[in-house]
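> Going by this note's numbering, the sequence shown opens with residue 2, and the numbers climb by one from there. Note that beta-carbon positions come from the ideal geometry of N, C-alpha and C, so glycine has one too. Please see the structure below; I have some questions.
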Amino acid sequence: MDTLIAPVLSALKEHHATNNFADVERAFVVAENAHRGQLRKSGDEYITHPVAVANILAELGLNSEAIIAALLHDTVEDTSYSLKELRQDFGDEIAGLVDGVTKLDKLTYGPTAEAETVRKMVIAMSRDIRVLVIKLADRLHNARTWKYVSTESAQRKARETLDIYAPLAHRLGMNAIKWELEDLSFEVLEPKKFEEISRLVAERSPSRDKLTRDAIEIVSQDLAADGIKATVTGRQKHFFSVYQKMVIRGREFN
2 MDTLIAPVLS ALKEHHATNN FADVERAFVV AENAHRGQLR KSGDEYITHP VAVANILAEL
62 GLNSEAIIAA LLHDTVEDTS YSLKELRQDF GDEIAGLVDG VTKLDKLTYG PTAEAETVRK
122 MVIAMSRDIR VLVIKLADRL HNARTWKYVS TESAQRKARE TLDIYAPLAH RLGMNAIKWE
182 LEDLSFEVLE PKKFEEISRL VAERSPSRDK LTRDAIEIVS QDLAADGIKA TVTGRQKHFF
242 SVYQKMVIRG REFN
């Protein structure tokens with residue numbers, strides 16, 4: 002087993018005791034061969050991108066079909082490997098997923114486009130919801146590597162992400178992805194404000210962590226006293242959310 006695909010298979014096995022692991026490895030080999038010689042802007046081999054997308058999906062608990070489609074999602078558009086070949090090798094279901102992601106990649110979003118209209122188009126084009134989930138994972142990994150592209154390109158993608166993809170992640174209940182997409186976009190679009198809020202959050206983090214722990218303990222004890230079985234959790238607001246409250250709603254950081 003190639004060490005690059007090993008984490009994907011490990012995450013997949015955590016969620017699915019029986020799954021088509023052999024086809025996942027086969028899809029990795031096909032994708033690796035198709036993308037051979039291609040590099041990312043970072044200088045990394047291109048195969049690292051589809052593997053990263055597949056790993057995001059595996060950690061979310063998606064099954065092998067979605068993982069295979071993620072590994073192959075750029076082959077039809079960016080290599081000589083055709084959709085016909087993909088369909089012959091992996092079947093109609095996976096070919097349909099890859100074709101759906103390829104079509105989404107061709108959707109353009111410019112200053113004259115209404116964000117809600119584009120969001121509706123994205124949903125309409127994603128007949129299988131897994132197409133949209135793969136696209137969100139694709140955008141997330143690309144967003145994590147925006148530092149390697151031009152400022153203009155990063156800002157354009159960040160604006161698109163805030164307007165289109167973060168709201169779609171929210172609609173799907175994928176809040177962890179939504180929050181990360183928002184913070185990565187915020188860092189690109191408002192770097193000074195991002196840095197300031199990051200500093201403020203870091204300075205207050207110890208006291209806020211203690212306050213959160215204390216609140217969780219109190220609520221947990223109250224629920225237990227009433228015979229209610231529950232797990233109480235708390236989280237720190239992400240930077241973009243803090244920014245929205247400070248600027249848009251006119252609140253102080255405290």
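Restricting to runs no shorter than 4 residues, where is the alpha helix (DSSP H) found entirely within the stretch 22 to 89?
DSSP runs (the alpha helix (DSSP H)) wholly in the stretch 22 to 89: 22 to 35, 49 to 61, 65 to 73, 76 to 79.
> Leaving aside the five residues before and after Ala144 along the sequence, list all residues of the same chain whose C-beta is less than 8 angstroms from its C-beta, in chain order.
Taking the sequence shown and counting its residues from 1, the one referred to as residue 144 is at position 143. Around Ala144: Lys158, Ala159, Thr162, Glu181, Leu182, Leu185, Ser186.
> Within its chain, find whatever has a CB closer than 7 angstroms to the CB of Ala96; leave out the 5 residues flanking it on each side and keep chain order.
Looking up residue 96 in the sequence shown gives position 95. Cβ within range, chain order: Leu84, Leu87, Arg88.
> Could you tell me the distance, in whole angstroms, from the CA atom of Leu10 to the CA atom of Glu33?
Looking up residue 10 in the sequence shown gives position 9. Looking up residue 33 in the sequence shown gives position 32. Each residue's alpha carbon lies about 16 angstroms from the other.
> Closer than 6 angstroms by C-beta to Leu133: which residues in its own chain qualify, once you throw out the five before and the five after it? Chain order, please.
Position 132 of the sequence shown holds residue 133. Closer than 6 angstroms at Cβ, skipping near neighbours: Ser127.
> Which class does Val233 belong to by DSSP, given the choice of helix, strand or coil?
Here residue 233 corresponds to residue number 232 of the sequence shown, with the count starting at 1. Note: Val233 maps to coil in three-state DSSP.
> Report the rounded CA-to-CA distance for His17 versus Ala216, giving the unit in angstroms.
Reading the sequence shown from its first residue, position 16 is the one you call residue 17. Reading the sequence shown from its first residue, position 215 is the one you call residue 216. When rounded, the distance between both Cα atoms is 35 angstroms.
> Which stretch, first to last residue, makes up the alpha helix (DSSP H) that contains Lys179?
If you number the sequence shown from 1, residue 179 lands on position 178. Residues 176 to 190.
> Quick check on DSSP: helix, strand or coil for Gly97?
Translated into the one-based positions of the sequence shown, residue 97 becomes position 96. Helix at Gly97.
> Quick one: Cα of Arg120 to Cα of Ser221, how far?
By one-based count along the sequence shown, residue 120 stands at place 119. By one-based count along the sequence shown, residue 221 stands at place 220. Their Cα atoms are separated by approximately 39 angstroms.
> So, Val31 versus Asp93, is the Cβ gap smaller than 9 angstroms?
Here residue 31 refers to the residue found at position 30 of the sequence shown. Here residue 93 refers to the residue found at position 92 of the sequence shown. No, the Cβ-Cβ distance between Val31 and Asp93 is not below 9 angstroms.
> Evaluate Gly174 with the Cβ neighbour count: other Cβ atoms within 10 Å of its Cβ, from every protein chain shown; 16 or more gives buried, anything less gives exposed.
Taking the first residue of the sequence shown as 1, we reach residue 174 at position 173. The residue in question, Gly174, is exposed, as its Cβ has fewer than 16 Cβ neighbours within 10 Å.
> For a test of the three-state rule: what should DSSP assign to Asp215, helix, strand or coil?
As a working note, residue 215 is residue 214 in the sequence shown. In the structure shown, Asp215 sits in a helix (DSSP, three-state: H, G or I).
> What's the call for Ser65, buried or exposed, on a 16-neighbour Cβ count within 10 Å?
Within the sequence shown, the letter at position 64 stands for residue 65. Result: buried.
> So, Ile68 versus Ala59, is the Cβ gap smaller than 9 angstroms?
As a working mapping, residue 68 is identified with position 67 in the sequence shown. As a working mapping, residue 59 is identified with position 58 in the sequence shown. Contact: yes.
> Could you tell me the distance, in whole angstroms, from the CA atom of His171 to the CA atom of Ile198?
To locate residue 171, count along the sequence shown from 1; it is residue 170. To locate residue 198, count along the sequence shown from 1; it is residue 197. Each residue's alpha carbon lies about 23 angstroms from the other.
> Tell me the DSSP secondary structure of Thr109 in three-state form.
Position 108 of the sequence shown, counted from the first residue, corresponds to residue 109. Of the three classes helix, strand and coil, the one that applies to Thr109 here is coil, per DSSP.
> Could you tell me if the beta carbon of Asp129 falls within a distance shorter than 8 angstroms of some heavy atom in the ligand HEM?
Ligands displayed in this structure: none; no statement on the ligand HEM is therefore possible.
> Hey, Val52 and Ile6 are a contact pair by Cβ (cut 8 angstroms); roughly how many whole angstroms apart?
As a first step, residue 52 must be located in the sequence shown, where it is residue number 51. As a first step, residue 6 must be located in the sequence shown, where it is residue number 5. So it is a contact: roughly 6 angstroms between Cβ atoms.
> Have a look at Ser81, Ala70, Lys14 and flag the residue whose alpha-carbon is nearest the alpha-carbon of Arg27.
Counting from 1 along the sequence shown, the entry for residue 27 is found at position 26. Considering only alpha carbons, the answer is Ala70.
> Pull up the CB-CB distance for Gly111 and Asp129, whole angstroms please, since I reckon it's below 8 angstroms.
Position 110 of the sequence shown holds residue 111. Position 128 of the sequence shown holds residue 129. No, Gly111 and Asp129 are not in contact; Cβ-Cβ is about 27 angstroms, not under 8 angstroms.
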